[in-house]
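Quick notes on the structure that follows.
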Amino acid sequence: MSSLSTKRLAFIDVGANLLDPMFQGVYREKNRHPSDLDQMLQRAWGNHLEKIVVTAGSLEESRKALELARSDPRLYCTVGVHPTRCSEFGTTLAEREQHSQNLLELIQDGMADNKVIALGELGLDYDRTEFCNVETQKAGLLDQLSLAHQTGLPIFVHNRNTSTDLYEILQEHNNKFCKAVIHSFDDTYDLAMKFIHLKESGGIYIGINGCSLKTA
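Right, dumping it as structure tokens:
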């Protein structure tokens, strides 16, 4: 008999978008049914999912993610700003510093009870520059890498169609983060290997999902 058939498999979801309006029954800004988030979570717990990390993509989402994480001992969360939303950092140095401070205070609040366990979702996205231009994305990424350096948290990274730009930034700022997951990875095998070997000590992981397996 296979060892898999005799052992209880345990899973951790490290990138769950539980703040998506669909879990509240909202699709394309229209209410279609009552919230079924609780039922979905019960199904997850009943199918060997032991922990879930709720992904945030803005300061406001990060606050909501922390609130949700505190509702169940099996829920945790990230705090961070998605590359397509980095305009929320503002345009002046004072605005960027204030936004970083707001994020830091929320991180420290969540770290106090071990609910905030990573920074993210941060990174670069060149497929959707209509939402946020490349230079603003890069500035937001660097601000968040500074937060990773201050807090010691690992980073949950978004990479979409950036060639080697993201890799080169993380390589240059290698000392600012301890570990990383490059999630929903959809680039080449060679680039994946570069990310994985970014740190001699290891701790860099690649997330594979449906987006990773898309075809032309």
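Letter by letter, the sequence shown follows residues 3 to 218 of my numbering. Glycine included, each C-beta is placed from N, C-alpha and C at the ideal position. Keep in mind the model is a prediction, meaning the values are calculated, not measured.
Cβ pair residue i, residue j closer than 8 angstroms
i           : j           : result
residue 136 : residue 128 : yes
residue 27  : residue 37  : yes
residue 70  : residue 83  : no
residue 141 : residue 88  : yes
residue 210 : residue 182 : no
residue 169 : residue 133 : no
residue 200 : residue 159 : no
residue 192 : residue 126 : no
residue 152 : residue 106 : yes
residue 52  : residue 12  : yes
residue 65  : residue 108 : yes
Nearest neighbour of residue i, chosen from the options [CA to CA]
i           : options               : result
residue 116 : 146, 147, 155 and 132 : 155
residue 110 : 86, 130, 81 and 32    : 81
residue 101 : 66, 86 and 60         : 60
residue 165 : 92, 145, 86 and 188   : 188
residue 85  : 20, 21, 99 and 163    : 163
residue 177 : 185, 148 and 93       : 148
residue 14  : 68, 120, 76 and 64    : 76
residue 121 : 67, 98, 203 and 173   : 67
residue 20  : 93, 79 and 31         : 79
residue 194 : 112, 161 and 30       : 161
residue 16  : 203, 185 and 190      : 185
residue 104 : 33, 40, 62 and 41     : 62
Span of the alpha helix (DSSP H) around residue i
i           : result
residue 206 : Not the alpha helix (DSSP H): residue 206 falls in the beta strand (DSSP E), residues 206-208.
residue 172 : 167-174
residue 193 : 191-198
Residue i - partner residues in DSSP beta bridges
i           : result
residue 161 : 126
Terminal residues of the beta strand (DSSP E) in which residue i lies
i           : result
residue 185 : 182-185
Residue i: CB within 7 angstroms of a non-hydrogen atom of the ligand ADP
i          : result
residue 21 : The ligand ADP is not part of this structure, which contains no ligands at all.
(message) Quick check on the DSSP output: what are the complete beta strand (DSSP E) runs of length 3 or more inside the stretch 60-140, in order along the chain?
(response) 77-81 and 118-127
(request) Please list the segments of the beta strand (DSSP E) lying wholly inside the stretch 11-63, counting only runs of 3 or more residues, in order along the chain. (result) 13-18 and 51-56
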